[in-house]
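Residue numbers (full-length UniProt numbering), protein chains in the order written: chain A, 1 to 249; chain B, 1 to 489. What follows is a set of notes on a single structure, which appears directly below.
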Ligand SMILES: Nc1ncnc2c1ncn2[C@@H]1O[C@H](COP(=O)(O)OP(=O)(O)O)[C@@H](O)[C@H]1O
Ligand SMILES: [Mg+2]
């Protein structure tokens, strides 16, 4: 089962009006794999990630999740498939009108019809795992950015997803908080979670990624093992881009 | 300005009436005259009047209970007794009386109505039961200036809008400026504060005022008029011959026995009782009732207004184009028409199809109106919730309904709470418009107290204070909740 294809993308394209952001994207994510996606700002990394769970509707091409093409299912089926994919956003997107624990419990109760005490148990366990059990009854606005993002990860995990999508989860954080979030993601990867992570954290990518995809101009221009891609990029644009992020560190 | 406004209101009422009438004639093609039969079957004679016109009809407090009394009421009681049915009295603005019978809200309208040729075109009249004659009220200080109506040339004359006196003053007093108002109490106040020089009014009413207020004097109108312009008759919906004939029999008896003298005398007695204690405290029950209805209407309308508002707002975000269109049209239409017209429309217009009591009509109209405004506020609130919230909810597999219920609406409501609060406060104030269809809210009660006490300003002041207390209390409550929500992130 190790080689099971969780996600499979074929000839994916996405246009906003006449603006073709994704031109021809192909790729496969196998069970337990961690893929990091890098590329210049505006390359379409977020758009690509959002096409994976159909938050954005692809213009053409296939997005297969567990063998089912998401571009050809109805709204109801889509919701059922989506709950099996977790997503973490750059800006956390916690629900500010609920306490931390309620943020975690909402979807299990409403979508999975879990009993309240069971959802409570799952949620507390996950909060403990991200080191925030004592914040269960706090409102998101009283937490630091790093804490909010850890809660957001726990919230996604509460649905027991088969794959986690991360869209620049640390880029909105103050530098001293990046570590605590990456640590949680690191553990998650080591436990065998299938992950697609848009990030420019080279250290993280080198440590946990099975593959890094470099995206620009609407294509994935290069894909390779992290060490290979970061240390010996082949593509000119990739070379240029990696040179810039190394300079910035 | 005021005159223009009044003219517009008149046109509005006429339009509503026309619409209602068209609907009536459409639904009852060639209806036979069942007017008398219906009253007998029902066992009730429904009469509508405007009880702010002593001694014809006015409201008094007897043993702690409100009663509408006066000569007209005694006439109506006699009619009901002769028909062996119960008399049911409904009250509303004088302007609306004829519309009320045209639209079937009542079997007959009484209220010192002069059966003029113009009115005869739209309603049927009984025989004249009383001939009062026209007069003018003036300030005692002006007795030398206005010895008779001839001296009124070029003067400022007040009269109740929609009455004969208004038309007569315009037509018969040379160069006069005629100022129309809704309530005779307002007119008396205008006279006493010298905003007008004289007030055209029926003789019995003028006599009542003079008796109760030494600063007023009465002079004869000097008009030479035919009987139709001085006498009072009962109005009926067109084609009510059987009922009119039955009522005329009672009127014949009233005429023969001169019963109106007796009726006027007993009305006068009430008026004397009435002026003994005109302190506002003595009338606290009137105000309490007004406050009670104003609060009741406000609460019910706020509840349904928010409900309608939420539904309309959600329709605006629907995928269905026609649902969006419907919500937009509704909102635009309601916002583009005055609440007053909507109240009249619900009561008289819709009332043709289903008979809705005035209080319920008022609540429906105010709720429908408020719903449109609340919808716009909520729509703004929904738009103000960050897009990321929707995406986060979708990524968790939440349905659209759950997304709205648990994520978007709670946040939207928090954002729009101050705006909603404003809407609730203005609802308390604007609900006062329902008094035109006779709902006994604070404004309506205020006018009753003014008519009752012959005091123009004090009741207004009390009502103002009461409105302020209500809105201020609501503001405090809203602030309390706002504070609570702030705490919750
Ligand atoms: N909903 C949208 N409508 C129109 N243009 C969009 C929309 N979302 C993204 N874009 C455009 O698509 C391009 C890629 O955006 P994005 O996927 O966010 O890039 P990245 O995440 O790589 O920085 C940008 O030029 C952006 O302006
Ligand atoms: Mg992005």
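Every residue gets a Cβ at the ideal spot worked out from N, C-alpha and C, and that includes glycine.
Extent of the continuous beta strand (DSSP E) to which residue i belongs
i: residue 157 of chain B; result: 156-160
i: residue 180 of chain B; result: 177-181
i: residue 88 of chain B; result: 86-91
i: residue 500 of chain B; result: What is shown of chain B runs 1 to 489, which leaves residue 500 of chain B out entirely.
i: residue 404 of chain B; result: Taken as a continuous stretch (DSSP letters only), residue 404 of chain B belongs to no beta strand (DSSP E), as it is neither H nor E.
i: residue 10 of chain A; result: 5-16
i: residue 96 of chain B; result: Unbroken run through residue 96 of chain B is the alpha helix (DSSP H), 94-102; no beta strand (DSSP E).
i: residue 131 of chain B; result: 123-131
i: residue 86 of chain A; result: 85-88
i: residue 219 of chain A; result: 219-224
Status (buried if at least 16 other CB within 10 Å, exposed otherwise) for residue i
i: residue 107 of chain B; result: buried
i: residue 200 of chain A; result: buried
i: residue 174 of chain B; result: exposed
i: residue 74 of chain B; result: buried
i: residue 414 of chain B; result: buried
i: residue 316 of chain B; result: buried
i: residue 164 of chain B; result: buried
i: residue 213 of chain A; result: buried
i: residue 179 of chain B; result: buried
i: residue 360 of chain B; result: exposed
i: residue 387 of chain B; result: exposed
i: residue 379 of chain B; result: buried
i: residue 221 of chain A; result: buried
i: residue 497 of chain B; result: Here chain B comprises residues numbered 1 to 489, so residue 497 of chain B is not present and cannot be evaluated.
i: residue 110 of chain A; result: buried
8 Å Cβ cutoff, residue i in contact with chain A
i: residue 398 of chain B; result: yes
i: residue 414 of chain B; result: yes
i: residue 411 of chain B; result: yes
i: residue 298 of chain B; result: no
i: residue 452 of chain B; result: no
i: residue 407 of chain B; result: yes
i: residue 481 of chain B; result: no
i: residue 301 of chain B; result: no
i: residue 388 of chain B; result: yes
i: residue 318 of chain B; result: no
i: residue 395 of chain B; result: yes
Boundaries (first-last residue) of the alpha helix (DSSP H) holding residue i
i: residue 73 of chain B; result: 71-83
i: residue 192 of chain A; result: It is not in any alpha helix (DSSP H) - residue 192 of chain A carries neither H nor E in the DSSP assignment.
i: residue 118 of chain A; result: 116-129
i: residue 248 of chain B; result: 241-256
i: residue 22 of chain A; result: Run containing residue 22 of chain A: none in the alpha helix (DSSP H); it sits in the beta strand (DSSP E), 19-30.
i: residue 43 of chain B; result: Residue 43 of chain B -> no alpha helix (DSSP H), and no H or E assigned at all.
i: residue 354 of chain B; result: Segment: none, residue 354 of chain B is in no alpha helix (DSSP H) and carries neither H nor E.
i: residue 392 of chain B; result: 387-395
i: residue 455 of chain B; result: From DSSP, residue 455 of chain B is part of no alpha helix (DSSP H); its letter is neither H nor E.
Interface flag, residue i vs chain D, CB-CB below 8 Å
i: residue 392 of chain B; result: Among the protein chains in the structure shown, which are A and B, there is no chain D.
Beta carbon proximity, residue i to chain B, threshold 8 Å
i: residue 96 of chain A; result: yes
i: residue 150 of chain A; result: no
i: residue 134 of chain A; result: no
i: residue 256 of chain A; result: Not covered by the structure: residue 256 of chain A. The range shown for chain A is 1 to 249.
i: residue 41 of chain A; result: no
i: residue 144 of chain A; result: no
i: residue 60 of chain A; result: no
i: residue 237 of chain A; result: no
i: residue 79 of chain A; result: yes
i: residue 82 of chain A; result: yes
i: residue 248 of chain A; result: no
i: residue 137 of chain A; result: no
i: residue 93 of chain A; result: yes
i: residue 195 of chain A; result: no
i: residue 89 of chain A; result: yes
Please identify, using Cβ separations under 8 Å, the residues of the region 104-123 of chain A that lie next to chain B, in order along the chain.
106, 107, 110 and 111
When Cβ atoms are compared, which residues of the region 12-37 of chain A fall closer than 7 Å to chain B?
none
Of all the beta strand (DSSP E) runs that stay within the bounds of the region 189-217 of chain B, which reach a length of 3 or more residues?
198-202
Give, in chain order, every residue of the region 164-188 of chain A whose Cβ lies closer than 7 Å to some Cβ of chain B.
none
Residues, ordered as in the chain, of the region 52-76 of chain A that lie near chain B by beta-carbon distance below 7 Å:
Going along the region 52-76 of chain A in chain order, one finds 53 and 55 with a Cβ nearer than 7 Å to chain B.
Could you please tell me which residues of the region 359-374 of chain B, in chain order, have their CB closer than 8 Å to any CB of chain A?
none
If contact means a Cβ-Cβ distance below 7 Å, which residues of the region 436-461 of chain B contact chain A?
Within the region 436-461 of chain B, not one residue has a Cβ closer than 7 Å to any Cβ of chain A.
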